[in-house]
Amino acid sequence: MMDRSPKLPEALMRAIAQDLRPVRPSPQPLQLALRMVPLALLISSLILLAIGPRHDLSVLGPPLTWGASSAQFVLAITLVWIAAHESTPAGRLPRQVIYFAAIAASLVVVLVTLLTFSTSPAHEPLLRVPPRVNEMLRTSPWIMGFACGIGSTLAGGILILLFSRIFRNSLAIRPTVAGALYGAGAGLAINAGWRIACPVSTPWHALGAHGAAIIATVILGALIGRFSGSRRSQIGARRA
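Those letters in the sequence shown? Residues 204 to 443, by this note's numbering.
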């Protein structure tokens, strides 16, 4: 039988041959999530070193300081791991897993906040600053809340940018969801270190200022994920 399939032009064949390059296989979701651990630890540690630990660590005890923050950090990496699964269409996890992880992360933050307040109800900031500054923060608590909210949001934003760099080759069908997941992971990771440094335990501060920062990182991650997904779609359409 004769092969009647049309032959490609020689110029096109040469162009294809010159463009052929070896492609590395995409990393597994767990490998991708573990790449984030050093980055998250570095940013969280720098925050703790810059601000210093809170004065009542001995009252809270190791379980409610390092133990609770470690639990938050593990949850943060779990959210990033789920985001990595979103980035591989064949490995997407069921929606129920995503909802469960989001609810679990929220409940852990609320539970840790309430336990911290009940154990050491510190409501006056005691920082390594001049007494006049501490007095100003005591009489105007919104300043402390504003500083914590903005500071942790900025730190989380830096971590999200680093995460998005690692997720740059993502093939997520729902890039907004993937971005929101690693944004939530960044916010939780930052909060894990920030809560050990912040000297205020009141729920309105921890859930208001710190919680608002986590929500902000979720939104920022979703926006970056959506933008990256749209950009990849446009590049793919041009190549096609």
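Every residue, glycine too, gets a C-beta built ideally from N, C-alpha and C. Keep in mind that this is a model prediction, so the values were computed, not measured.
Open item on the list: Tell me which residues share the same chain as Ala454 and place their Cβ nearer than 7 Å to its Cβ, disregarding the 5 neighbours each side in the sequence.
Closed with: Residue 454 lies beyond the range of the chain shown here (204 to 443); nothing can be said about it.
Task: Given 8 Å, three or more beta-carbon pairs between the stretch 411 to 431 and the stretch 371 to 383 - done: The stretch 411 to 431 makes contact with the stretch 371 to 383; the number of CB pairs closer than 8 Å reaches 3 or more.
- [ ] Indicate the three-state DSSP secondary structure (helix, strand or coil) for Ile376 in the structure shown.
- [x] Coil.
TODO: Give a yes or no on contact between the stretch 362 to 372 and the stretch 400 to 409, applying the rule of three or more CB pairs nearer than 8 Å.
DONE: A contact is defined here as three or more CB-CB pairs under 8 Å, and the stretch 362 to 372 fails this definition with respect to the stretch 400 to 409.
TODO: Could you check if Gly388 is buried or exposed, using at least 16 other CB atoms within 10 Å of its CB as the buried criterion?
DONE: Label assigned to Gly388: buried.
- [ ] Quick one: which unbroken alpha helix (DSSP H) runs of 4-plus residues sit fully inside the stretch 235 to 315? Chain order, please.
- [x] Runs of the alpha helix (DSSP H) inside the stretch 235 to 315: 260 to 265 and 271 to 289.
- [ ] Less than 8 Å between the CB atoms is what I'm expecting for Ala400 and Gly255, so what's the real figure, rounded?
- [x] Ala400 to Gly255, Cβ: 6 Å. Contact.
- [ ] Return yes when the Cβ of Leu237 is within less than 8 Å of the Cβ of Val313, no when it is not.
- [x] No; because the gap between Cβ atoms is not below 8 Å, this pair is not in contact.
Task: Per-residue burial, Phe349 [other beta carbons within 10 Å of its own, 16 or more giving buried] - done: By the neighbour-count rule (16 or more Cβ atoms within 10 Å), Phe349 is not buried but exposed.
Task: Residues of its chain near Ala308, where Cβ-Cβ distance is below 7 Å and the 5 sequence neighbours each way are ignored - done: Taken in chain order, the residues that qualify are Leu278, Leu282, Ala387 and Leu391.
TODO: Spatial neighbours of Leu310 within its chain, please: CB distance less than 6 Å, with the 5 preceding and 5 following residues excluded, ordered by chain position.
DONE: For Leu310, where only same-chain residues beyond five positions count, there are no Cβ hits under 6 Å.
Open item on the list: Suppose contacts are defined by Cβ-Cβ distances below 8 Å. Is Leu374 in contact with Ser290 by that definition?
Closed with: Leu374 is a Cβ neighbour of Ser290, given a cutoff of 8 Å.
Task: Identity of the residue in Ile306, Met347, Phe303 and Val262 nearest Phe320 by Cα - done: Cα-wise, what sits closest to Phe320 is Val262.
Task: Proximity test, Cβ basis, 8 Å: Arg298 and chain C - done: This model lacks chain C altogether; it includes just one protein chain.
Open item on the list: For Leu317 and Arg371, what's the separation of their Cα atoms in angstroms?
Closed with: A direct Cα-to-Cα measurement between Leu317 and Arg371 gives close to 38 Å.
Open item on the list: Please classify Ile418 as buried or exposed, where buried requires at least 16 other C-beta atoms within 10 Å of its C-beta.
Closed with: Ile418 counts as exposed, since fewer than 16 other C-beta atoms from the protein chains shown sit within 10 angstroms of its C-beta.
- [ ] Determine the closest residue to Pro230 out of Leu249, Trp284, Leu245 and His258, with distance taken between C-alpha atoms.
- [x] Distance check between Pro230 and each of Leu249, Trp284, Leu245 and His258 places Trp284 closest, using alpha-carbon atoms only.
TODO: Go ahead and label Ser433 buried or exposed: buried means 16 or more other beta carbons lie within 10 angstroms of its beta carbon, across all protein chains shown.
DONE: Ser433 is exposed by the Cβ-count criterion.
Open item on the list: Once DSSP output is grouped into helix, strand and coil, what is the label at Phe370?
Closed with: Coil.
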